[in-house]
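Protein chains in written order, with the working numbering: chain L, 18 to 497; chain A, 2 to 426; chain B, 15 to 258.
No residue lacks a Cβ here, since even glycine has one placed at the ideal position from N, Cα and C.
Here's the structure we're looking at; comments come further down.
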Amino acid sequence: MIESINIHCLGESHKDSGKPCQDYSFSSVEDGLAIAVVCDGHGGERYFRSDVGSKTATEVIVEVVKDFVEHTELKYFKDSAYTSEGVVTGNDKKLTALDVKFRQMFSSIITLWNERIDKHAHEFPLTEWEEEHVPQKYLEEFHKNLSLPPAESTLNKQYGCTLMAYVQTYDYWFAFHLGDGKCISFHKEVNFHGEHKVWDEPIPWDDRCFLNKTTSICDSDAINEFRYCYGNQTSMPVAVFLGSDGIDDTYGEMENIANFYVEILKIIAKDGRNAALQQLRDDLPIISRIGSQDDCSVAVVYNNVDVQTNIGPFIKFQMDYMDVQAEEQAERIKKLTEKKQSLEKSIHRWDADRKKASIELDYACKDLVKASDRLEILSGKIAFLAKEHQSMSHDELPPLPDYSEIIEQAKEEMATEEKDDKPKDELNPPPASEGESTPEAEQMPSSEPEEMPTLVPASESEVEPTPESEPAPASDSEVS
Amino acid sequence: MDLKKGQTVHLTTGGMTCTVIEELGRGGQGTVYKVDLGGKKMALKWYHIPPDEKFYKNLQKNVDAGAPSDAFIWPEFLTVRENGSYGYVMKLRPSGYYEFGQYLLARHQMKSLSAIFAAAMKICNGFKLLHRYGYSYQDLNDGNFFIRPDDGDVLICDNDNVYPQGEKSGIMGKARYMAPEIVAGGIPDKYSDRYSLSILLFMLIYLNHPLEGARVAACPCMTEGNEKKFYGSEALFIYDSQNNTNLPVRGVHTNVIRRWPAFPKLLRDTFIDQLSQEKLKNPTTRMVEQEWEKVIAKVRDTLVICPKCRQETFVDGSQTTGKCVECGAQFDITRRLVMGDRSMVLTPGTCLFIDMDNKPDIKVQTSSTGEMMLQNVSTSSWNVETPSGKIRQVNVNDCLPTRPGLKISFGTSIEGAPNAKAEVK
Amino acid sequence: MSLIDVESVPRRTMTLFFLADTSGSMSGNKIGALNDAITNIMPMISEISNTNPDAEIKVAALQFSSGTSWLYDEPKSASDFIWQDQSAGGLTSLGEACIQLEKVLHRDGFMKSASGSYAPVVILLSDGGATDDYDKGIEKLKLNNWFKAAIKIAIAIGDDCDKDELKKFTGNLEAVIEVHNIEALKQIIRIVAVTSSQIGSKSTSATDATKQDQVVEEIKNQIDNVDGANTAADPSQATDDYWD
Chain L
18 MIESINIHCL GESHKDSGKP CQDYSFSSVE DGLAIAVVCD GHGGERYFRS DVGSKTATEV
78 IVEVVKDFVE HTELKYFKDS AYTSEGVVTG NDKKLTALDV KFRQMFSSII TLWNERIDKH
138 AHEFPLTEWE EEHVPQKYLE EFHKNLSLPP AESTLNKQYG CTLMAYVQTY DYWFAFHLGD
198 GKCISFHKEV NFHGEHKVWD EPIPWDDRCF LNKTTSICDS DAINEFRYCY GNQTSMPVAV
258 FLGSDGIDDT YGEMENIANF YVEILKIIAK DGRNAALQQL RDDLPIISRI GSQDDCSVAV
318 VYNNVDVQTN IGPFIKFQMD YMDVQAEEQA ERIKKLTEKK QSLEKSIHRW DADRKKASIE
378 LDYACKDLVK ASDRLEILSG KIAFLAKEHQ SMSHDELPPL PDYSEIIEQA KEEMATEEKD
438 DKPKDELNPP PASEGESTPE AEQMPSSEPE EMPTLVPASE SEVEPTPESE PAPASDSEVS
Chain A
2 MDLKKGQTVH LTTGGMTCTV IEELGRGGQG TVYKVDLGGK KMALKWYHIP PDEKFYKNLQ
62 KNVDAGAPSD AFIWPEFLTV RENGSYGYVM KLRPSGYYEF GQYLLARHQM KSLSAIFAAA
122 MKICNGFKLL HRYGYSYQDL NDGNFFIRPD DGDVLICDND NVYPQGEKSG IMGKARYMAP
182 EIVAGGIPDK YSDRYSLSIL LFMLIYLNHP LEGARVAACP CMTEGNEKKF YGSEALFIYD
242 SQNNTNLPVR GVHTNVIRRW PAFPKLLRDT FIDQLSQEKL KNPTTRMVEQ EWEKVIAKVR
302 DTLVICPKCR QETFVDGSQT TGKCVECGAQ FDITRRLVMG DRSMVLTPGT CLFIDMDNKP
362 DIKVQTSSTG EMMLQNVSTS SWNVETPSGK IRQVNVNDCL PTRPGLKISF GTSIEGAPNA
422 KAEVK
Chain B
15 MSLIDVESVP RRTMTLFFLA DTSGSMSGNK IGALNDAITN IMPMISEISN TNPDAEIKVA
75 ALQFSSGTSW LYDEPKSASD FIWQDQSAGG LTSLGEACIQ LEKVLHRDGF MKSASGSYAP
135 VVILLSDGGA TDDYDKGIEK LKLNNWFKAA IKIAIAIGDD CDKDELKKFT GNLEAVIEVH
195 NIEALKQIIR IVAVTSSQIG SKSTSATDAT KQDQVVEEIK NQIDNVDGAN TAADPSQATD
255 DYWD
């Protein structure tokens with residue numbers, strides 16, 4: 018059965034500034050039509066009504082998509098395996114009849130969005146909060162816009178947002194995207210690109226979205242900035258997640274985002290949709306706080322039977338991902354050990370490079386500690402995931418990698434360093450003593466061998482919501 | 002049936018054959034192959050499903066009649082019916098030309114404003130000749146035109162759908178380019194072609210469709226019913242003077258929003274008139290190609306080189322000062338070359354086009370003393386009469402000063418405008 | 015089953031680059047002041063990093079003279095970055111420095127994925143014109159997306175500097191700061207490094223001005239209090255060089 022979940026929550030940094038949640042999300046499954054939408058209003062001062070912009074965009078997308086699906090004949094999708102199109106200027110391909118249909122739908126989204134935000138601007142004068150917090154030049158821009166014809170006004174800037182949607186019917190699916198945020202799909206064994214990988218990035222990326230820059234529905238050339246993909250039944254994914262850039266910035270690498278989504282899929286597989294939704298409601302505000310501090314949204318459409326039957330490979334992906342990182346740390350430990358040993362040999366010579374060598378040695382020792390701590394955590398995670406795999410899947414697992422020897426060796430190496438009575442004061446005193454670093458700065462938990470390396474929060478003090486960071490009220494996390 | 006590499010195809014002309022070299026591209030109707038025809042490389046369009054007898058006969062007629070002008074990639078040979086279908090042979094499209102649709106998607110850009118208007122002129126000319134031959138073009142769309150971005154040279158392809166007026170090819174064009182009466186089921190003729198011409202010119206110049214504004218863009222799915230409505234029964238120009246419900250939308254119709262106010266008023270007025278409800282509904286009142294050529298010539302008369310930044314800019318010919326849209330500089334535009342109702346603005350570096358062949362006839366130069374000069378870049382000498390009545394000959398590449406009262410007789414130097422006369426004012 | 019796994023949430027990072035000219039003309043007071051200043055500001059940068067909820071600051075330093083070399087083969091946390099005193103000698107391979115910087119401004123170099131990262135800060139300190147093919151280097155660097163997004167400030171030490179070269183690096187003259195004596199050099203290094211670290215490591219949502227503009231504006235405000243320093247865009251404030 019096809020199900021969906023969506024949630025958006027206020028980012029930590031918005032709480033301080035008094036800004037509303039500028040993300041908006043939606044999902045629904047009705048009469049065989051599943052829709053998920055995530056829109057992210059821009060944060061800059063000029064975009065002071067982007068919360069309305071993202072909500073409006075979401076509503077418009079849902080309407081337009083329903084109309085599109087109702088009136089588009091199946092023949093357009095019938096023979097389409099997975100197909101993706103990047104931004105329109107990126108290639109010389111002739112538009113197919115379906116491309117033209119998509120373009121029409123995109124123009125409809127932009128047009129209806131513009132009509133509605135224009136209407137909103139005329140119906141809702143500046144609020145007290147806006148008068149007080151928005152820089153004068155943008156208030157003036159807003160006023161001036163109200164008297165201009167729509168095509169000449171820049172009202173769309175005040176409401177600017179990104180948008181992302183996934184749509185699935187019995188017979189076909191499609192997804193489209195304008196701006197940043199990420200869409201990640203999950204698959205049985207082989208992904209859209211024919212790789213033996215359970216996840217994929219189905220929509221082509223737009224390189225103009227980089228760091229804090231993004232394309233937007235309020236761009237003058239928005240119609241040419243849509244990217245999209247589609248396919249028929251044969252390429253139907255198991256699940257498709259949409260996440261706003263608050264999620265990206267929290268997890269960084271694509272694999273790490275996919276890893277987070279598998280955590281959600283595991284709850285779905287084990288305890289069902291409502292449990293997963295509740296968990297997201299509880300945890301997403303906290304995740305935003307320890308992560309990007311930005312508004313965070315997730316919307317997902319999935320086939321619950323397929324999620325259950327494929328949970329084994331999904332967990333296996335997590336294990337492999339942890340193992341790749343563990344391998345890197347093991348390699349690092351090896352290199353650092355060699356470096357440390359060679360530096361120790363040279364450091365006893367009194368020469369001009371002695372100071373440099375001792376700094377390097379200091380770094381090597383510190384990094385060795387970090388690497389072995391990290392490896393220990395990763396190998397604990399792998400073991401934990403293996404147990405989870407066992408309890409949730411009947412698939413056989415290959416033998417687990419064993420890093421205990423490497424960790425042991427690294428510890429021995431560090432023990433020799435402690436015996437070294439090299440006087441510390443000969444070095445440049447490190448500018449900040451360790452005691453000064455705040456918990457946030459100290460990424461790695463101190464290396465206690467007994468520490469339970471896991472999914473569970475590191476320490477209470479780090480994850481316990483303080484009163485002002487209480488999860489956002491229910492009204493903030495719209496649920497379908 | 003697809004053709005294979007090395008396969009021989011027989012032509013209807015004198016037992017000739019051509020040999021398939023490779024496939025060049027595939028369209029809805031057929032596949033185009035590169036073929037060898039007696040040592041010459043040509044293109045062969047081979048139909049997937051052979052159209053009917055009437056179509057075949059029409060093709061043969063077109064082959065026999067020959068191309069109206071060099072703008073047409075015209076059917077030159079017809080094949081016999083074999084291998085379950087047939088096709089026709091035409092010239093290969095040279096490189097450096099891109100499909101019109103690619104410009105609409107901003108995948109290619111015209112290099113200059115003068116290139117845009119050169120293309121507009123050439124398209125008008127092509128239509129004029131086509132109609133003079135008694136044809137109408139039935140399958141007009143953004144895939145039939147290929148334009149060279151550097152100079153705006155145009156090639157018109159897919160001429161198998163060119164039919165004598167009053168006959169219908171049976172192959173439907175795209176509704177976006179069809180006159181409302183054709184969308185409603187009528188038979189294409191020169192009047193409907195003239196409508197298509199104004200659509201095409203609008204799109205070439207403003208890079209958006211003149212009927213596609215808010216009303217059309219708001220529609221989530223372009224069903225057949227919607228097409229009939231938006232391009233037929235309820236067709237409404239985006240800048241209709243009586244009805245503003247179909248204005249362009251920011252983010253969708255970017256180009257026209259930017260260019261409409263920046264391009265000359267004459268263009269705006271002409272389009273507002275030609276795409277008014279009256280002209281949409283009364284085919285016979287639509288402007289003929291020659292009138293379009295004159296409008297484009299006049300528009301080009303106000304396209305000058307900015308004396309400050311040396312970029313192209315339009316100026317308002319009714320004013321004495323021009324303002325550069327690129328750098329904002331203001332400059333004097335009182336000096337003109339006047340020819341009938343045309344008033345060509347003179348600034349250093351600007352080229353003047355007397356006739357419609359897109360070849361500059363006069364280049365405005367600056368003398369060593371800083372005076373503007375008119376250089377003869379036409380094909381032969383001119384006679385210039387001074388205010389005092391003296392006659393001087395200005396040979397090719399020679400210059401004359403831009404002194405008011407000087408009268409130029411171009412004689413035979415300009416092919417498209419024999420015995421034209423102009424005066425410096 | 016909780017979804018919160020602190021371990022899997024990497025702290026967002028911003029990398030602060032120092033590109034330090036250690037050519038022969040820097041010898042004596044200039045290099046001494048540079049060594050002194052950078053060593054002294056590190057605790058401040060570390061403090062910004064540690065108390066900043068938005069991002070951790072990492073530091074990387076490249077010295078260029080006849081050749082170039084990175085101080086360390088990866089960026090170090092501001093809290094344990096140690097500046098190694100440089101000595102002066104040789105030519106000014108500014109072009110090569112650009113090439114070396116470009117090389118590390120990639121995901122497989124010193125940068126992580128763009129998601130979760132802040133645009134880097136690049137501070138260039140130089141006292142003379144490039145002696146190698148600067149144009150080739152800077153043209154390549156300018157195509158780099160990280161560099162495009164970076165906050166770029168150049169400190170021109172003394173009158174012999176080629177301001178046009180530095181302007182090409184920062185994109186505008188406002189971001190080129192001229193210093194004319196030792197004390198000014200020390201103060202400006204502090205102001206530039208601290209200001210750009212503060213602004214560069216903060217989330218951008220607060221304002222619409224680019225971070226580069228904010229940094230320049232803030233430096234402009236502070237520069238008036240420094241004798242012997244001015245932005246290259248405002249040479250009227252310039253005083254004579256005094257380096258002894």
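Distance check for residue j and residue i, CA to CA, integer angstroms please.
i                      : j                      : result
residue 392 of chain L : residue 406 of chain L : 21 Å
residue 119 of chain A : residue 326 of chain A : 20 Å
residue 216 of chain A : residue 411 of chain A : 50 Å
residue 311 of chain A : residue 293 of chain A : 28 Å
residue 25 of chain B  : residue 340 of chain L : 21 Å
residue 146 of chain A : residue 100 of chain A : 6 Å
residue 192 of chain L : residue 248 of chain L : 9 Å
residue 263 of chain L : residue 312 of chain L : 6 Å
residue 498 of chain L : residue 149 of chain B : Chain L is shown from 18 up to 497; residue 498 of chain L falls before or after that span and cannot be answered.
residue 166 of chain A : residue 282 of chain A : 20 Å
residue 63 of chain L  : residue 85 of chain L  : 33 Å
residue 201 of chain A : residue 22 of chain B  : 57 Å
Taking its Cβ as the centre, do 16 or more other Cβ atoms sit within 10 Å of residue i, making it buried, or is it exposed?
i                      : result
residue 72 of chain A  : buried
residue 120 of chain L : buried
residue 192 of chain B : buried
residue 268 of chain L : buried
residue 177 of chain A : buried
residue 301 of chain A : buried
Does any residue of chain L have a CB that is nearer than 8 Å to the CB of residue i?
i                      : result
residue 236 of chain B : no
residue 220 of chain A : yes
residue 392 of chain A : no
residue 207 of chain B : no
residue 41 of chain B  : no
Within 8 Å of any Cβ in chain B, is that where the Cβ of residue i sits?
i                      : result
residue 303 of chain L : yes
residue 297 of chain L : yes
For the ligand ATP, is there a heavy atom less than 7 Å away from the beta-carbon of residue i?
i                      : result
residue 410 of chain L : With respect to small molecules bound, the structure shown includes none, and the ligand ATP cannot be examined in it.
Note down, in chain order, every chain L residue with its Cβ under 8 Å from the Cβ of residue i.
i                      : result
residue 126 of chain B : 269, 270
Suppose the cutoff is 6 Å on Cβ atoms and the five residues either side in sequence are ignored; what does the same chain contact list for residue i look like?
i                      : result
residue 12 of chain A  : 78, 80
residue 445 of chain L : The predicted position of residue 445 of chain L is uncertain, since its pLDDT is 46 and thus under 50; a value taken from the coordinates is nonetheless stated next. No residues qualify anywhere along the chain.
residue 30 of chain L  : 310
residue 134 of chain A : 69
residue 334 of chain A : 316, 323, 346
Using C-beta distances below 7 Å, list every residue in its chain close to residue i, excluding the 5 sequence neighbours before and after it, in chain order.
i                      : result
residue 419 of chain A : 413
residue 420 of chain L : 343, 347, 392, 396
Cutting at 8 Å between CB atoms, please list the residues of its own chain near residue i, excluding the five before and the five after it.
i                      : result
residue 193 of chain A : 137, 179, 180, 182, 183, 187, 284
Against residue i, what residues of chain B qualify as contacts under a CB-to-CB distance less than 7 Å, listed in chain order?
i                      : result
residue 340 of chain L : In chain order: nothing, as chain B lies at least about 15 Å away.
residue 300 of chain L : 16, 17, 18
Which residues in chain B sit within 8 Å of residue i, going by Cβ to Cβ distance?
i                      : result
residue 307 of chain L : 18, 20, 23
Check the Cβ of residue i against every Cβ in chain L and list those closer than 7 Å, keeping chain order.
i                     : result
residue 47 of chain B : Here the premise fails: no neighbours, minimum Cβ distance about 17 Å.
So which residues of chain A does residue i contact, with C-beta pairs closer than 7 Å?
i                      : result
residue 327 of chain L : Near residue 327 of chain L there are no residues of chain A at all, since even the closest Cβ is about 34 Å away, more than 7 Å.
Using a Cβ cut-off of 9 Å, pull out every chain B residue sitting near residue i, in sequence order please.
i                      : result
residue 209 of chain L : Ordered by position in chain B, no residue passes the 9 Å Cβ test against residue 209 of chain L, which lies about 21 Å from the chain.
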